[in-house]
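Just below is one structure, and these are the notes that go with it.
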Amino acid sequence: MKLLPPRSPIKGSQEMLLIPCPYCGNRPEIEFAYGGEAHVVRAAAPRTVDDTAWTEFLYFRKNPRGDHAERWRHAYGCGRFFNVKRNTYTDQIEASYRIGETLP
Amino acid sequence: MQRYSALALIKQSLNGHKGWKPQWRDPEPKQSYDAIIIGGGGHGLGAAYYLAKKHGIRNVAVLEKGWIGGGNTGRNTTIIRSNYLFDESAALYDHALKMWEGLSQDLNYNVMFSQRGVLMVAHNVHDEQSFRRHVYANRLNGVDNEWLTPEQAKAFCPPLNIAPGMRHAVTGAALQRRAGTARHDAVAWGYARAADALGVDIIQNCEVTGIDRDAAGHVTGVRTTRGRIGARKIGVSAAGSTSLVMEMAGLRMPLESYPLQALVSEPVKPIFPCVVMSNTIHAYISQSDKGELVIGAGTDAYVSYSQRGALHIPMHTLEAICELFPIFRRMRMMRNWGGIVDVTPDRSPILGKTPVPGLYVNCGWGTGGFKATPGAADLLAYTIAKDEPHPINAPFNLERFGAGQLIDEAAAAAVAH
Ligand SMILES: Cc1cc2nc3c(=O)[nH]c(=O)nc-3n(C[C@H](O)[C@H](O)[C@H](O)COP(=O)(O)OP(=O)(O)OC[C@H]3O[C@@H](n4cnc5c(N)ncnc54)[C@H](O)[C@@H]3O)c2cc1C
Ligand SMILES: [Zn+2]
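Quick note, the sequences are listed as chains A and B, same order.
Counting from 392, one number per residue, gives the positions in the first sequence under the numbering used here.
Counting from 532, one number per residue, gives the positions in the second sequence under the numbering used here.
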């Protein structure tokens, strides 16, 4: 088996993520709440959407091994939502960006 | 197959135990099989065994990217119970529990299934209402479950702290006496050996990298790190990696994969007679036959395939354990690891056909599928052999999300379980 590459911006293998809040800077993971896959957009007029698309929106997720755009909320800090690009295999965070901005 | 028995043990001991044979072969993959199972965990190995044994489909291969049982089967805390709330779930998990009761005999392999009882501890009014509702629902479904006072719970599990001054005082407990634990590795090995004896090829270090389909969309085989292997029937039983495997057939899944952690203590003499679970303060504990306390922690918050999690998650669990069992406060923890669990929106599994002809899936068991191993394996084999689900797994189809027919054990338990 391959050895895993080193984890996250914090040194050492078992520490929590160090998450860069775009408003407050680097903070430990326990200050944040995870918000799932980013850029899952609710249809402007749900009634016009067919069952398949609605089911996809509600329940189906990319769940990739590799780059993942995801929402976090700085719950015990500034309280704001933002997006993070993280590699789900190494847990390395590659970027964080504000809501409304596009994935770098 | 070399049968195991007391007599065989005596005979082998006479020649210094030099006559034991490997428990399964290490074959090269054939050009093609009648059926392929992707994933050599307990579920996949068991499915191959039941295909051969119950359905006469013996030209079968199990493809495993690492070593068999190296996934969640070998990483879990082995709690087995069937006291789920909804009728569909009770039928599914109790089907498995009944199979556990005869599994060692059936496989001629000691899976060390021990019905020592699982105690689910309540700490507040919500827990109490929810557990009592489970007790009544279970009984209506013929599944044993009973309500205990704190004193009765302590009599059943003497190390349990029921002092009223605790931060999360114990207000009662639900007990399923038929529930318990089994030896995880033995489950994988026992199925592998029994399947191999019926002609199943168990192929390790063989990662599936693609799924081939014909013009009509029907599966025709898989591409692997050990070459292409043909099959018109493919069962996917890849736990945390299911989304990745299904994507090879162009399917998206209602799944998210999270790290789930466990840890064991230094071994001590027998002290802990049963399994205790506390959903509210998130602690799962039993003692292995080696003497280690086996402790289950929670999932990390985020999607990850790293097969390990962060330290604050097991710390949280250890704090809860120390409060529930003050006697363990000075015990040292020896090892900690993670597995990747595939979680569905309603915390119930998906077991059935897929939109791709010839492709079947068994996934979404999340944090609690070890208990289902024999049942899931049996039902996956049935579904593959008959090309239709068994009545027990029919409700656990992939279409339930679109149809709004969720089997919402997530809401029923209100936590991962
Ligand atoms: C820490 C922890 C504690 C748990 N505690 C409990 C518990 O107490 N009780 C309970 O009931 N459940 C528990 N579970 C859940 C339980 O372990 C799983 O639901 C169950 O073991 C799943 O079995 P499986 O055979 O489907 O999966 P696995 O054993 O994970 O098997 C899947 C296999 O597929 C292989 N695979 C993946 N991708 C590919 C590919 N592309 N090609 C080839 N092979 C591939 C993997 O290597 C793996 O071996 C726990 C899980 C964890 C991680
Ligand atoms: Zn902030």
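Each residue gets a CB set at the ideal place from its N, CA and C atoms; glycine is no exception.
Can you tell me the Cβ-Cβ gap for residue i and residue j, rounded? I've got them flagged as a contact below 8 Å.
| i | j | result |
| --- | --- | --- |
| B/Asp-618 | B/Thr-773 | At roughly 26 Å, the Cβ-Cβ gap does not stay under 8 Å, so B/Asp-618 and B/Thr-773 are not in contact. |
Quick one: does residue i have its CB under 9 Å from some CB of chain A?
| i | result |
| --- | --- |
| B/Ser-774 | yes |
| B/Arg-783 | yes |
| B/Val-834 | yes |
| B/Glu-595 | no |
| B/His-843 | yes |
| B/Gly-547 | no |
| B/Glu-787 | yes |
| B/Phe-927 | no |
Could you spell out the range, first to last residue, of the beta strand (DSSP E) harbouring residue i?
| i | result |
| --- | --- |
| B/Gly-493 | There is simply no residue 493 of chain B to check, as chain B begins at 532 and stops at 948 in what is shown. |
| B/Phe-803 | No beta strand (DSSP E) holds B/Phe-803; DSSP gives it neither H nor E. |
| B/Thr-830 | 824-830 |
What residue range does the alpha helix (DSSP H) around residue i cover?
| i | result |
| --- | --- |
| B/Thr-904 | 904-917 |
| B/Lys-542 | 537-545 |
| A/Thr-443 | 442-450 |
| B/Lys-884 | Careful: B/Lys-884 lies outside any alpha helix (DSSP H), inside the beta strand (DSSP E) at 881-884. |
Under the criterion of a Cβ to heavy atom distance below 8 Å, does residue i qualify as lining ligand 2?
| i | result |
| --- | --- |
| A/His-465 | yes |
| B/Gly-869 | no |
| B/Gly-933 | no |
| A/Tyr-414 | yes |
| A/Arg-489 | no |
| A/Cys-469 | yes |
| B/Arg-860 | no |
| B/Arg-589 | no |
| A/Arg-418 | yes |
Under a CB-based cut-off of 9 Å, is residue i close to chain B?
| i | result |
| --- | --- |
| A/Phe-451 | yes |
| A/Ile-490 | no |
| A/Glu-461 | yes |
| A/Ala-434 | no |
| A/Tyr-467 | no |
| A/Lys-402 | Low per-residue confidence applies at A/Lys-402: pLDDT is 43, beneath 50, and the placement is therefore not dependable enough to give any value. |
| A/Arg-464 | no |
| A/Leu-395 | Low confidence applies here, because A/Leu-395 scores a pLDDT of 42, under 50, leaving its location unreliable and the question unanswered by this model. |
| A/Ala-486 | no |
| A/Asn-474 | no |
| A/Asn-417 | no |
| A/Pro-455 | yes |
| A/Arg-438 | no |
Hey, would you say the C-beta of residue i is under 8 Å away from at least one heavy atom of ligand 1?
| i | result |
| --- | --- |
| B/Gln-792 | yes |
| B/Val-739 | yes |
| B/Thr-898 | yes |
| B/His-959 | Any answer about residue 959 of chain B is impossible in this case: the structure gives chain B only from 532 up to 948. |
| A/Thr-493 | no |
| B/Gly-601 | yes |
| B/Lys-902 | yes |
| B/Lys-629 | no |
| B/Tyr-815 | yes |
| B/Glu-595 | yes |
| B/Ser-768 | yes |
If you check the beta carbons only, do residue i and residue j fall under 9 Å apart?
| i | j | result |
| --- | --- | --- |
| B/Gly-577 | B/Thr-898 | no |
| B/Gly-571 | B/Trp-551 | no |
| B/Val-731 | B/Arg-589 | yes |
| B/Ala-912 | B/Tyr-581 | yes |
| B/Ile-611 | B/Phe-644 | yes |
| B/Gly-711 | B/Cys-805 | yes |
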